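Asker: Add 113 to the 1-based position in the sequence shown for the numbering used here, that's all there is to it.
Even glycine gets a Cβ: it sits at the ideal position worked out from N, Cα and C.
As the structure is a computational prediction, the values presented were derived from the model and not from experiment.
Structure provided below as structure tokens; questions to follow.
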Amino acid sequence: MIFKINRSSGDLKSNVHKFIDLSVLSTSSVAPAFSIAASYGVIAMYLGFYSIMAIIITFPIWLGAAILFRKFNRLYPSAGASYHWGNKIVSKRYGSLQAWIITLAYFFSIPPIVIPAGEYTAVLLYNTGIISYSIYSSTITIFLLGSAWILITLVAS
Numbered sequence: 114m115i116f117k118i119n120r121s122s123g124d125l126k127s128n129v130h131k132f133i134d135l136s137v138l139s140t141s142s143v144a145p146a147f148s149i150a151a152s153y154g155v156i157a158m159y160l161g162f163y164s165i166m167a168i169i170i171t172f173p174i175w176l177g178a179a180i181l182f183r184k185f186n187r188l189y190p191s192a193g194a195s196y197h198w199g200n201k202i203v204s205k206r207y208g209s210l211q212a213w214i215i216t217l218a219y220f221f222s223i224p225p226i227v228i229p230a231g232e233y234t235a236v237l238l239y240n241t242g243i244i245s246y247s248i249y250s251s252t253i254t255i256f257l258l259g260s261a262w263i264l265i266t267l268v269a270s
């Protein structure tokens, strides 16, 4: 994805970006930590020590996204909202579509993140002796612990 900047106005040329560019920029702002947190337990279970390769392989991609966000933030200061940059740099329609993609990405990423969070928390509580095996093995416990993490995140943000 190469950005062509029009030096006279400081904006990007129109009709340069395709929908795939919009999707990549939007979903990269959904935080790589979510993806790692949701999947790393399973990866570690199957690969053991070699699971660190998953982090090493994906690192350049996330680093590239971080560098891109830094450059955009210098041009147009924002709290990291890629739809703000899409709105300012490309067009209002582009920014609006980005906002929808981000919203859908967050919506669809909640279950794959909350379930492992509830499971990992239940394992921690069981291994430390805080909860019994019957509570630990209950799907309601997993649901409640995952929901607690959602509430903590809502309050913290």
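If we cut at 8 Å on Cβ distances, does P225 have a partner in chain D?
Answerer: The chain labelled as chain D is not found in the depicted structure, where only one protein chain is given.
Asker: Mapping DSSP to helix, strand and coil, what is G231?
Answerer: helix
Asker: Cα separation between I244 and E232?
Answerer: 13 Å
Asker: Pick helix, strand or coil for Y159, following the three-state DSSP scheme.
Answerer: helix
Asker: Do P229 and G161 have their CB atoms nearer than 8 Å?
Answerer: no
Asker: Any idea if A269 is buried or exposed, counting beta-carbon neighbours within 10 angstroms, 16 or more meaning buried?
Answerer: Counting Cβ neighbours within 10 Å, A269 comes out exposed, since fewer than 16 surround it.
Asker: What did DSSP end up calling S191 once you bin it into helix, strand or coil?
Answerer: coil
Asker: With distances taken Cα to Cα, identify the nearest neighbour of I263 among Y239, T252, F220 and T241.
Answerer: Closest by alpha carbon: F220.
Asker: Are the CB atoms of Y189 and G208 nearer to each other than 8 Å?
Answerer: no
Asker: How many angstroms separate the CA atom of T234 from the CA atom of V203?
Answerer: 42 Å
Asker: So, for F185: in the same chain, excluding its five sequence neighbours on each side, which residues have a beta-carbon less than 8 Å away from its beta-carbon?
Answerer: S191, S195, W198 and I202
Asker: Spatial neighbours of F256 within its chain, please: C-beta separation below 7 Å, excluding the five flanking residues on both sides.
Answerer: G231
Asker: So, are the CB atoms of I174 and S164 less than 8 Å apart?
Answerer: The Cβ atoms of I174 and S164 lie no closer than 8 Å to each other.
Asker: If you run the structure through DSSP and keep just helix, strand and coil, what is I244?
Answerer: coil
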